[in-house]
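Some notes on the structure that comes next.
Residue numbers (the UniProt record's numbering): 1 to 248.
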């Protein structure tokens, strides 16, 4: 059943919490996605079958949470994740971050490592506002963004995305690939080679940049950004099982 948390930042966040043993699993979704996606629901069913605690939620401006998507930024969504994890979970958690959720899970790992027992990322997109959108904009688009406050960019998932000046500027204060990034817990990165949104180069850059003693990257030939075929879902569960086993 969907419940709501009112955060210290006065945002109303929708979530579904399955009770169970720890360490619990927290799913962090992607840019403009919600907690009803294939991966989130498949992992919830997996966790319930194991009697393991599981949390999924919608960032502000996403799904059925309060707020407007176009007014949000990476820092807001990081705060949403931090607030629900701190308020609704007990002890260290295993984070599963998909796309933008991968970036946010890395921010959690950097700012609150005491709450992280392990990490699984799926097509992680760290720093995508800077290295993806801003880097790809020509001078005309950059000028329009600065002068008008937003631009529209095509999306593979329906309506164009509205990229705001605040999203870009605030994102620059949340970058994780420009300074040391310690991941001192079991970490598994998953990446498809046919991903048109996040390149294998990004995955390799993250692997090379982060510092950890139990860190692996799995490249899946032909898998796309959704990473939600039955084979991909099995790989996610396998990665999760490895991280859980490493807790013993």
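We put the CB at the ideal spot given by N, CA and C, even for glycine. As the structure is a prediction and not an experimental result, all values here were calculated from the model.
Cβ neighbours of residue i in the same chain (closer than 7 Å, five flanking residues each side left out)
i	result
residue 232	220 and 223
residue 166	73
residue 149	164 and 165
residue 67	11, 60 and 61
residue 32	62, 69 and 161
residue 117	23, 92, 93, 94, 185 and 247
residue 4	12, 13 and 14
residue 155	161
residue 194	222, 223 and 224
residue 40	27, 29 and 56
residue 170	73, 74 and 75
residue 38	228
Beta bridge counterpart(s) of residue i as assigned by DSSP
i	result
residue 211	182
residue 13	5
residue 205	BP columns for residue 205 are empty, so no partner.
residue 98	122
residue 220	192
residue 89	None, per the DSSP bridge assignment.
residue 55	17 and 26
Backbone secondary structure at residue i - three-state DSSP
i	result
residue 75	helix
residue 147	helix
residue 31	coil
residue 195	coil
residue 233	helix
residue 50	helix
residue 37	coil
residue 158	strand
residue 175	coil
residue 243	helix
residue 226	coil
residue 64	coil
residue 170	helix
residue 44	helix
residue 84	helix
residue 187	strand
residue 164	strand
Test item: CB-CB of residue i and residue j under 7 Å
i	j	result
residue 215	residue 187	yes
residue 227	residue 94	no
residue 52	residue 27	no
residue 119	residue 105	yes
residue 75	residue 30	no
residue 84	residue 13	yes
residue 210	residue 183	yes
residue 2	residue 16	yes
residue 79	residue 9	yes
residue 151	residue 144	yes
residue 86	residue 58	no
residue 141	residue 168	no
Residues near residue i by beta carbon distance below 8 Å, same chain, minus five either side
i	result
residue 207	189, 215 and 217
residue 20	47, 48, 50, 51, 52, 53 and 54
Neighbourhood of residue i by C-beta distance below 6 Å, restricted to the same chain and skipping five residues each side
i	result
residue 133	163
residue 197	225
residue 103	125 and 126
residue 48	18
residue 176	106 and 126
With a floor of 3 residues, list each beta strand (DSSP E) that falls wholly inside the stretch 112 to 143, ordered by position along the chain.
116 to 122
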